[in-house]
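First residue of the sequence shown? That's 1060 in my numbering, and the numbers climb one at a time after it.
Below you'll find the structure, written out as structure tokens, and then a few comments.
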Amino acid sequence: MTELGESSSPSVVPLTVDDPEQAPPKDKGLWRDLVAYWILGLCNNYGYVVMLTAAHDILKDLEGDDHGKSVHQNEYSALNTTTRSDDVTFGYEARPCNKLSTGAILLADILPALAVKSVASFLPLAKHIRVFLCVSLAAAGFLLTAFATVEWVLFLGVIATSFSSGLGEATFLAYATYFNKNVISTWSSGTGGAGIAGSLSYTGLTELGLTPKTTILIMLVVPALEAAAFWLLLRHKDTDKPAEPEEAKEKVEAIDYSTLPAEERPLENWSERIRYIPTLFIYMIPLILVYLLEYYINQGLFELLYFPGIWLTQSGQYRWYQVIYQIGVFISRSSVNLIQFRHVWIMAVLQFLNVVYFTFEAVYFFTPSIWIIFVLILWEGLLGGGGYVNTFYRIQTEVPAARREYAMMVTSISDSVGIALAGVAAIPSHNAICDLPVPDRLL
1060 MTELGESSSP SVVPLTVDDP EQAPPKDKGL WRDLVAYWIL GLCNNYGYVV
1110 MLTAAHDILK DLEGDDHGKS VHQNEYSALN TTTRSDDVTF GYEARPCNKL
1160 STGAILLADI LPALAVKSVA SFLPLAKHIR VFLCVSLAAA GFLLTAFATV
1210 EWVLFLGVIA TSFSSGLGEA TFLAYATYFN KNVISTWSSG TGGAGIAGSL
1260 SYTGLTELGL TPKTTILIML VVPALEAAAF WLLLRHKDTD KPAEPEEAKE
1310 KVEAIDYSTL PAEERPLENW SERIRYIPTL FIYMIPLILV YLLEYYINQG
1360 LFELLYFPGI WLTQSGQYRW YQVIYQIGVF ISRSSVNLIQ FRHVWIMAVL
1410 QFLNVVYFTF EAVYFFTPSI WIIFVLILWE GLLGGGGYVN TFYRIQTEVP
1460 AARREYAMMV TSISDSVGIA LAGVAAIPSH NAICDLPVPD RLL
């Protein structure tokens, strides 16, 4: 079976013959692949984003408390104090924190994805079976989360969503090597669009008065859209043959792989594949750092950045932080055809500066306006999305065709490694900050 079995190791590689008279006409169906990959990117990351956006609500429901109006807060009339000129002052006896950091949701939302992506590169690219599992797990994740009445069922829903997202990313990125290189751009744009669509749809529907349960059930349309894009819109390729860029479809003749340099030949066995992994560290390490730093901010610090007495509750502020972050991600992930950055490590350095600022803000509450925080979060999202799309664009353009599929699958674990490390770091950091004295803004 060619579809479900491991790709064979062909003995030939296409060699372009430059003959303008024999060049085929322009691929008029290319739009189908580009649009399909945009939709697949959107649907694959949608559930993952929804779970992170809903993290504060999930924890609030588990603990039965909205810490924006918590028992730690005593309201005083402005007539009884001269310390503020506002209509209301806020006398907090302790910082308004969830007992369990949203980093716990982050770990449940990323560790399964990390596990599946770690092994996917060693398994056959059985794309139809993989995508069927992705769609089924995504739907199961929404249903379990919506109907959960106990903690373990809710976390099982988050885990199912994570498995779907991780398997989908490893599969679609590897499969992308058989298509026009621009599908990487549309895939990345779609994943960025998932951030906006997921966070904004959840936030918007809950702000309109829908319950989290009803909101999540509405989102069952997304797995159905993913299935339609993959099986009805995308033009499928034969994965038994070596990955060949669609833009190089001039007449070809065959040559032996033995005539190619050793570093451009296919990886024939597991031993060669494992030895090849260190050569991918130039792509993986900067991306790991970018994601470690940005998700430490998102899931360790966002819920600690609180402006009392404004038009948004603490839960509402957290949700809008996620929306604005995802807008930044979408913008940068959609920009690779306009501008490319080879040095992703620069984005990691800039993201570290964001960590420093947001940590000081979480401790001291010194920023005078939430609008400044909104702008900085948008910048954080731009850096994160830029690191992702430029990493995979470089692989698509720099790695030899015979090794590109494997390189994509291996490097796809980088973001998950960084996010998992961020979740581990976020929990103790969250607890440490919550134990600090109450900042002046909450007094």
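All C-beta atoms, glycine included, are put in the ideal place defined by N, C-alpha and C.
Take the alpha-carbon of Thr-1208 and the one of Thr-1270: they are about 14 Å apart.
With 16 or more neighbouring CB atoms inside 10 Å of its own CB, Lys-1176 falls in the buried class. Within the model, the alpha-carbon separation for Phe-1419 versus Trp-1404 is close to 23 Å.
When secondary structure is reduced to three states using DSSP, Tyr-1365 falls in the coil class, being assigned neither helix nor strand. Sorting Ser-1330, Tyr-1416 and Leu-1293 by C-alpha distance to the C-alpha of Glu-1353 places Tyr-1416 at the top. Apart from sequence neighbours up to five positions away, the residues of its chain that approach Ile-1255 with a beta-carbon distance below 6 Å are Gln-1385, Ile-1386 and Phe-1389, ordered along the chain. Counting along the chain, the unbroken alpha helix (DSSP H) around Lys-1186 starts and ends at 1186-1206.
One alpha carbon belongs to Phe-1289, the other to Leu-1170, and they sit about 26 Å apart. Where Pro-1345 is concerned, the enclosing alpha helix (DSSP H) starts and stops at 1340-1355. Ranked by how close their Cα comes to the Cα of Ser-1428, the residues Ile-1369, Arg-1378, Arg-1401 and Leu-1397 have Ile-1369 in first place. Val-1388: member of the alpha helix (DSSP H) spanning 1373-1392, first to last residue. In the three-state DSSP reduction, Ile-1398 falls in the coil class, being neither helix nor strand. By the 16-neighbour rule on beta-carbons within 10 angstroms, Arg-1189 is buried.
Per DSSP, Asp-1494 is not a residue of any alpha helix (DSSP H), being assigned neither H nor E. The criterion of a C-beta distance shorter than 9 Å is satisfied by Ser-1394 and Val-1448. The C-beta distance from Ile-1436 to Ile-1383 rounds to 5 Å, short enough to fall under 8 Å.
Setting aside the 5 residues that flank it on each side, Cys-1193 is surrounded in the same chain by Ser-1223, Leu-1226 and Gly-1227, each with a C-beta closer than 6 Å to its C-beta; the list follows chain order. When DSSP states are grouped into helix, strand and coil, Lys-1176 belongs to the helix group. Between the segment 1251-1268 and the segment 1458-1467, the count of C-beta pairs closer than 8 Å stays below three; the two stretches do not touch. Boundaries of the alpha helix (DSSP H) harbouring Pro-1282: 1280-1287, taken from the DSSP string. Ile-1432 has its alpha-carbon roughly 27 Å from the corresponding atom of Ala-1167. Nearest to Ile-1454 by C-alpha distance, out of Trp-1211, Ala-1466, Ile-1398 and Tyr-1335, is Ala-1466. The straight-line gap separating the alpha-carbon atoms of Met-1406 and Leu-1348 is approximately 9 Å. In this structure, the straight-line span from the alpha carbon of Glu-1266 to that of Gln-1376 is close to 11 Å.
Tyr-1355 has its alpha-carbon roughly 15 Å from the corresponding atom of Ser-1473. Taking the C-beta atoms as reference points, Gly-1251 is found no nearer than 9 Å to Arg-1378. Gln-1381 places its beta carbon less than 9 Å from that of Leu-1111. Annotation: Lys-1272 to Met-1278 spans about 10 Å, alpha carbon to alpha carbon. Nearest in C-alpha terms to Ala-1286, of all of Glu-1439, Leu-1363 and Gly-1100, is Gly-1100. Note on the segment 1396-1440: whole alpha helix (DSSP H) runs with a minimum of 4 residues are 1403-1423, in chain order. At least 9 Å separates the beta-carbon of Val-1281 from that of Ala-1199. Within the same chain, and ignoring the five residues on either side of Arg-1294 in sequence, the residues whose Cβ sits closer than 7 Å to its Cβ are Gly-1088, Arg-1091 and Asp-1092. Taking every protein chain shown into account, the CB of His-1187 has fewer than 16 other CB atoms within 10 angstroms, so this residue is exposed. Between the alpha carbons of Asp-1086 and Lys-1240 lies a gap of roughly 14 Å. Val-1458 carries a coil assignment under DSSP once its states are collapsed to helix, strand and coil.
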